[in-house]
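Working notes, structure below.
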Amino acid sequence: MRNITRQLTIAQWKIFDGLKWVKTHLIPAWVFTHIGYILLVPAVIIVGFLVIGMMNIFWYSILTYSPEQFIIHKFTLHNYVQFFQNPFHLKVFWRTFYISVLVTIFAVVFGFPYAYIVVRTRSNLLQKLLLIGLFLPFFTGEIVRAYGWLIILGKHGLVNALLGAVGIAELRLIYNEFAVIIGLSQIMLPFAVLMLAPAITTISHDMELAAENLGANKLNTLLHVVIPLSRPGLVAASIVVFTLSMTEYAIPGLLGGRLVNFSANAIHDTMFHVGDYPFGSALSVILVVVVSALVFVIFKGISRKSLTLH
């Protein structure tokens, strides 16, 4: 510490003195006592803009659409009734829901062992390689990754080339639900791992050793010790992956080939192709309300089981 102090020049000390003077004379004392609330201001502003946007969407959803006049400022609930009377949009919403559930299951099931190995491995090399593999997808856009899957799963792609080499006929692996599930699972896997790893880190390795000393094998230790104690991470990962999947737009559009549309694709087509802003806004409100309600129910049910999310 003394060596560092000696290396400080007179100019650097003057800078420190200037900063101290600014802190003492220009910044009120209450700023430092309420610094936590002040740091929340940017987040509150951002959330405020989101709330204003949602209020605007809700406003459009109760207006009347006219092909001739575009939007008539006449209040109506017809847009919401139309959703429940329209088999196409009900089918799209149901498809969005069950594919999102499947993607959530796959992402959590494959993400858990990945996160466990990242946390528990004693090999620095393996840990670094896994972390690189985890963060590398974030350096490429979602659309780029989707085109990567088109190359792999396409008619003349890598998978069909390998199948043809062993005498198996070509399979239709894209422009269907299978391709969308594969693409979304790969996109969502890093998010699941990032939610699960901190939860596993909080579990003392001594608890696993104690279970093994009492006669439990690796599988029983994982099922009866690690997974139950990782519940906060499992819940967080499931919620994040599910909500992101429910609002997905690019992957269903590219890998589904407009044949496996999600709710976001239907909203886009309704608003920008048909021009029916009120009905598209109603679809948006329904999607937000349903997803928010499901998340609320999950948190409510978990809280009754004494789950604490710190």
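So the sequence shown is numbered by UniProt numbering: it starts at 1 and just counts up by one. In this text, a Cβ means the ideal position worked out from N, Cα and C, and glycines have one as well.
Own chain residues within Cβ distance below 7 Å of residue i, not counting five before or after
i    : result
F110 : L189
L171 : N160 and L163
L102 : I181
T33  : none
T24  : none
H73  : L63
Q82  : F279
Residue i to residue j span [Cα, whole Å]
i           : j    : result
H156        : T96  : 28 Å
P198        : I286 : 33 Å
I151        : F178 : 15 Å
N176        : L153 : 11 Å
N217        : V235 : 26 Å
E68         : L255 : 35 Å
L136        : Q127 : 14 Å
residue 317 : L40  : In the structure as shown, the chain begins at 1 and stops at 310. Residue 317 is therefore absent and cannot be evaluated.
N124        : L229 : 25 Å
W30         : V51  : 29 Å
P42         : G167 : 60 Å
Y249        : H273 : 15 Å
V22         : V47  : 32 Å
I15         : P28  : 20 Å
F139        : L130 : 15 Å
I132        : F106 : 21 Å
A169        : M55  : 53 Å
L223        : R122 : 21 Å
Strand pairing of residue i, partner residues [DSSP]
i   : result
F70 : S66
Same chain, Cβ closer than 8 Å to residue i, five either side skipped, listed in chain order
i    : result
I251 : E142, A146, V180, G183, L184 and I187
N261 : V92, R95, P252, G253 and D269
L173 : L153, G154, G157, V159, N160 and A179
W149 : I174, A179, I182, G183, Q186 and L255
H205 : R120
T308 : Confidence in T308 is poor, its pLDDT being 49 and thus under 50, which makes the residue's placement too unreliable to answer from.
F49  : none
CB contact flag (residue i, residue j, <7 Å)
i           : j    : result
V295        : I239 : yes
Y98         : A282 : no
G280        : I267 : yes
T201        : V119 : yes
V241        : T104 : yes
A264        : T247 : yes
T221        : A211 : yes
I57         : S284 : yes
residue 314 : L63  : The requested residue 314 does not occur in the structure, where the chain is confined to residues 1 to 310.
D276        : Y65  : yes
Candidates the options, of which the one nearest residue i by Cα
i    : options                   : result
I117 : V290, L153, V226 and L136 : V226
A192 : M55, A216 and S245        : S245
W59  : R231, K300 and P278       : P278
I302 : R231, G257, K14 and T140  : R231
L259 : P228, V274, F138 and F88  : F88
F75  : H224, F83 and S61         : S61
Sequence-distant residues of the same chain with beta carbon closer than 6 Å to residue i, five excluded per side
i           : result
residue 311 : As displayed, the chain neither begins before 1 nor continues past 310, which places residue 311 out of reach and without an answer.
L134        : P190 and V193
Q85         : none
S100        : F242, S245 and M246
G257        : Y175
Neighbour flag for residue i against chain C, beta carbons, 7 Å
i    : result
I105 : The chain inventory of the structure shown lacks chain C, comprising one protein chain alone.
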